[in-house]
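Take 2 as the starting number for the sequence shown in our numbering and just add one per residue.
Glycine included, each C-beta is placed from N, C-alpha and C at the ideal position.
As structure tokens, the structure follows; a few thoughts come after it.
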Amino acid sequence: MATLVTVLKSGGRYDAAWVERLARGIRRFAPGFSRFVCLTDLALDLPGVETLPLAKDWPAWWSKIEAFRPGLFSGTVVLLDLDTVLTGDASALTVPGLAAMEDHFHKGRLSSAILRWTGDELGFVFETFAADPARWMAPGACGAVPNAVHGDQVVIDHLLRRAGRMPAFVQAIHPGLLDFHDPEKPAPGPVVIFIGDAKPDTAGEPIRSLWHGER
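In structure tokens form, the structure reads like this:
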């Protein structure tokens, strides 16, 4: 059994429409997922989407660390950002085994845009962070790192390195699966990742139609 999990924290750019569109893409292009779960502080009622409440009031991207809360999932679990767009066969996402996307700008560092694990395998990340969230959210908590922004993936990378549990990188074990959004590319995918200010709601074709479920 494989579970797709995403996180929607209120107060930002994302809303229920982003969850619905990601869920539609998963059903179409990665049907091997038996559950689609959204961790959120909002009341959502979307077809095929199971919601679980966020237990902590951690701001913005820090809420993604709740995906590692022990007891939530069993089997293969894949965390995807809400701005991910699927355009073709993404069944490789459901292959078991600890993996993460390699950061687009900082080679050798993980990105939390895609993370895959099994059951409570990464429960220690949640427990360590939850024991002192103010400490871990403070810039410099993980020492000198190349990332310009101190966010959840910096802490996740640090804690996994400290535990000797660095994951394989998705780009290496599933070559051809990931694609970084390029407005000049006519046939992107099958899993399109958006970096920085670029987002699906402002993208041109073919991303616009795929994201809206029009093709």
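Nearest residue (CA-CA) to S64, options R14, L9, F195:
L9
Counting only the same chain and skipping the five closest in sequence on each side, list residues whose C-beta sits under 7 Å from that of M138.
W63
Roughly how many angstroms lie between the CA atoms of V171 and D82, to the nearest whole one?
15 Å
Could you pull out every unbroken beta strand (DSSP E) segment of at least 3 residues lying fully inside the stretch 174-210, listed in chain order?
179-181, 192-194
Inspect the beta-carbon positions of G144 and R25 and report whether they are closer than 7 Å.
no
Using the beta-carbon count (16 or more within 10 Å), is M2 buried or exposed?
exposed
Can you tell which of F74, T4, A131, A188 has its C-alpha closest to the C-alpha of S92?
T4
DSSP-derived helix/strand/coil call for L23:
helix
What number of angstroms, rounded off, separates the C-alpha of S35 from the C-alpha of E21?
16 Å
From the DSSP output, which residues share a beta bridge with M102?
S112
Euclidean distance between Cα positions of I208 and A18
15 Å
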